[in-house]
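Inspection log for the structure reproduced underneath, given as structure tokens.
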Amino acid sequence: MADNEVKENVTHMNVQDYDLKRREALEKIDNAKFGWFHIRACIVSGVGFFTDAYDIFAINLVAVMLGYVYFGKNSLPPDVDLGIKVATPIGTFIGQFAFGILADILGRKKLLIIVFATFACCLVANSYVYSPVTKAFESNASVISVQGLLIFWRIILGIGIGGDYPLSAVITSEFATTTRRGAMMSAVFAMQGIGILVAAIVSTITIVAFHSTISATDYSHIDYCWRIVTGVGAIPGLVALYFRLTIPETPRFTMDIERNVNQAAQDISTVLESGSYKPREQEVIIKVDAPKASLSDFFAYFGKWENGKVLFGTAFTWFVLDVAFYGIGLNNNIILKNIGFLGDGTDPYETLYKASVGNIIIALLGTVPGYWVTVFTIDSWGRRPIQLMGFALLTVIFIVLGFGYTPILNTSVELFIFIFTLSQFFFNFGPNTTTFVVPGEIFPTRYRSTGHGISAASGKLGAIISQVGFFKLKDFGGAPGSNAFIDHLFKIFAAFMLAGFIATYFFVPETKGTSLEDLSNENQEGFVKDKRSADN
Numbered sequence: 005m006a007d008n009e010v011k012e013n014v015t016h017m018n019v020q021d022y023d024l025k026r027r028e029a030l031e032k033i034d035n036a037k038f039g040w041f042h043i044r045a046c047i048v049s050g051v052g053f054f055t056d057a058y059d060i061f062a063i064n065l066v067a068v069m070l071g072y073v074y075f076g077k078n079s080l081p082p083d084v085d086l087g088i089k090v091a092t093p094i095g096t097f098i099g100q101f102a103f104g105i106l107a108d109i110l111g112r113k114k115l116l117i118i119v120f121a122t123f124a125c126c127l128v129a130n131s132y133v134y135s136p137v138t139k140a141f142e143s144n145a146s147v148i149s150v151q152g153l154l155i156f157w158r159i160i161l162g163i164g165i166g167g168d169y170p171l172s173a174v175i176t177s178e179f180a181t182t183t184r185r186g187a188m189m190s191a192v193f194a195m196q197g198i199g200i201l202v203a204a205i206v207s208t209i210t211i212v213a214f215h216s217t218i219s220a221t222d223y224s225h226i227d228y229c230w231r232i233v234t235g236v237g238a239i240p241g242l243v244a245l246y247f248r249l250t251i252p253e254t255p256r257f258t259m260d261i262e263r264n265v266n267q268a269a270q271d272i273s274t275v276l277e278s279g280s281y282k283p284r285e286q287e288v289i290i291k292v293d294a295p296k297a298s299l300s301d302f303f304a305y306f307g308k309w310e311n312g313k314v315l316f317g318t319a320f321t322w323f324v325l326d327v328a329f330y331g332i333g334l335n336n337n338i339i340l341k342n343i344g345f346l347g348d349g350t351d352p353y354e355t356l357y358k359a360s361v362g363n364i365i366i367a368l369l370g371t372v373p374g375y376w377v378t379v380f381t382i383d384s385w386g387r388r389p390i391q392l393m394g395f396a397l398l399t400v401i402f403i404v405l406g407f408g409y410t411p412i413l414n415t416s417v418e419l420f421i422f423i424f425t426l427s428q429f430f431f432n433f434g435p436n437t438t439t440f441v442v443p444g445e446i447f448p449t450r451y452r453s454t455g456h457g458i459s460a461a462s463g464k465l466g467a468i469i470s471q472v473g474f475f476k477l478k479d480f481g482g483a484p485g486s487n488a489f490i491d492h493l494f495k496i497f498a499a500f501m502l503a504g505f506i507a508t509y510f511f512v513p514e515t516k517g518t519s520l521e522d523l524s525n526e527n528q529e530g531f532v533k534d535k536r537s538a539d540n
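Now the structure itself:
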């Protein structure tokens, strides 16, 4: 073995010492004083989530701009609109599932492709056929359209975003103290609300900046607008990339998956005492034997009802939540248009400006406050009560919007906007946050990212189904573009929220104030076992 290679010491020291050392190290990080390193961990994961939300929900506004530039109206053809909006959830579904597993194998801080895909999205253009006869590109013979390229790159973008879900959740939960873990994880997720808000603000500023060049007959400068709005999303991604590369591997991954108790204990002491982290030095590694992830072990663990029901609960509740959350969230402009807020679309500046401002209003009044109320209450009130309350109130709100849709609009548009904004508040002061938090806490270290990835991917499956269903059903019973079925969609969303309430009640446990190891439902005494070998 070369001198610069890491050597593995497998001498049979007292295993009980390592088992005790592991538990002492975990207790140290669970009970640590909240400090700069915890803030830094939140920033690392939070900036990633800010980028994720910006990129996901900016398309709600970009789609209107694309409609003007490439189709001369304030909307895209239904199939194109569906393709562009569903592309990212499809990619996210793939990324959440695949990266959730990979993070339990490779580590918590690997892999970030969001920046590249975001940058690529803002540069797409039609690809034309070159004619050797005219020695020019034929404008009526496009090989690949903007829409096709945008769909492709948004799928790639979605894979990167999907990977960030389990990574951000697990990085935060495994560094957090027990008493503040919920607030830390919620604060990371709350950056999604800030991302949604900033996307609308950037869109508004861009539209205002191009005001003098946007007219009812000239849409060419709107092409600059959508590219700017999209491209700005790469900037926070660069910040996230830097922070992600400079944070240490989580001590729980080092202990329970790399099985290096000494290194994990050293990492914990370093970061808690200094508030920073220095790269590991080459040293003798003492590996111990601990439960290892494998397909047979996965089925053995989740085959127990008390464990399997929790995975079902976190996955199903996220699924039903995202049916409504993305069905509405990616189509806010359709709701705004249906209540007459966007006008008739003949004035592109007015339409784009109102669409952007409308999204700012919804974000400021409902979305952002909902996230931060959760941050300040989740560790005192608990995850389960907040989730039950959110699902219950959303059920009531969607029943009101569904059955009272026309009467409310005829009475007061302002009242409708208030009730609709209230739904955004209780999404986020409710299951949209808690379905992210709980699966990042409840599973053992070797399956924590996998369990979160499965749960999150189930949510995106709901988002995909909802997005396809929304576009297929929204005009049912009326002319194309009439949105005649919107009231019935609210009733359908109410049924899904009720299902989420029932599943939460029976399958989702409370996790507040409990260590990650106790939540894993595995005996922590003797977790490190006597049987060791160099192969382990």
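According to the working numbering, the residues represented by the sequence shown are 5 to 540, in order.
Positions of the beta carbon are idealized from the N, C-alpha and C atoms, including for glycine.
- For R452, the enclosing alpha helix (DSSP H) has its first and last residue at T449 to L477.
- For D293, the secondary structure class from DSSP, reduced to helix, strand or coil, is strand.
- Pairing P352 with S219 gives a Cβ-Cβ distance under 9 Å.
- Looking only at T96, F430, L392 and Q151, the smallest Cα-Cα distance to P170 is reached by T96.
- Out of I211, I47, R388 and N266, the CA that lies nearest to the CA of V512 is found in R388.
- The three-state reading of DSSP puts S49 in helix, counting H, G and I together.
- Within the model, the alpha-carbon separation for P81 versus G444 is close to 39 Å.
- In the three-state scheme derived from DSSP, where H, G and I count as helix and E and B as strand, L80 is classed as coil.
- Sixteen is the threshold: since fewer than 16 other Cβ atoms of the shown chains lie within 10 Å of the Cβ of S486, the residue is exposed.
- Taking every protein chain shown into account, the CB of K476 has fewer than 16 other CB atoms within 10 angstroms, so this residue is exposed.
- Our two residues, L30 and F380, have alpha carbons roughly 25 Å apart in a direct line.
- Annotation: Y223 is outside any alpha helix (DSSP H) and is labelled neither H nor E by DSSP.
- Under the Cβ criterion (8 Å, minimum of three pairs), the stretch 97-106 counts as touching the stretch 158-169.
- When DSSP states are grouped into helix, strand and coil, G406 belongs to the helix group.
- The count of Cβ pairs closer than 8 Å, one atom from the stretch 309-328 and one from the stretch 501-519, reaches three, so the stretches are in contact.
- E253 sits in coil when the DSSP states are folded into three classes, being neither helix nor strand.
- A check of alpha carbon separations from I226 across T210, P240 and G235 identifies T210 as the nearest.
- With contacts defined as CB atoms closer than 9 Å, A173 and T437 fail to qualify as a contacting pair.
- Taking I43 as reference, the option from V361, G481 and V192 with the minimal CA-CA separation is V192.
- F480 carries a coil assignment under DSSP once its states are collapsed to helix, strand and coil.
- Of all alpha-carbon atoms in I390, I403, Y72 and T355, the one lying nearest the alpha-carbon of L502 is that of I403.
- For the 9 Å CB-CB criterion, G455 and I446 form a contact.
- Segment contact: the stretch 194-203 against the stretch 363-382, three or more CB-CB distances shorter than 8 Å; contact assigned.
- Note on G481: under 16 other CB atoms within 10 angstroms of its CB, so exposed under the neighbour-count rule.
- Going by DSSP, R185 is part of the alpha helix (DSSP H) stretching over R185 to A213.
- When Cβ pairs closer than 8 Å are counted between the two stretches, the stretch 50-61 is seen to touch the stretch 226-243, the count reaching three or more.
- Pairing L398 with I232, the inter-Cα distance amounts to about 35 Å.
- Under the three-state reduction of DSSP output, F489 falls in the coil class, being neither helix nor strand.
- An exposed status is given to S216, since fewer than 16 other beta-carbon atoms sit within 10 Å of its beta-carbon.
- Within the same chain, Cβ atoms closer than 7 Å to the Cβ of F429 are found at G370, P373 and G374, the five residues on either side in sequence being excluded.
- Residue burial is scored here from C-beta neighbours: F474 has at least 16 other C-beta atoms within 10 angstroms and is therefore classed as buried.
- The Cβ atoms of D23 and F531 lie closer than 9 Å to each other.
- Around the Cβ of N414, a 10 Å sphere holds fewer than 16 other Cβ atoms; the residue is exposed.
- Annotation: the continuous alpha helix (DSSP H) that includes R158 extends over V150 to F179.
- Nearest in C-alpha terms to D108, of all of K77, G408 and S453, is S453.
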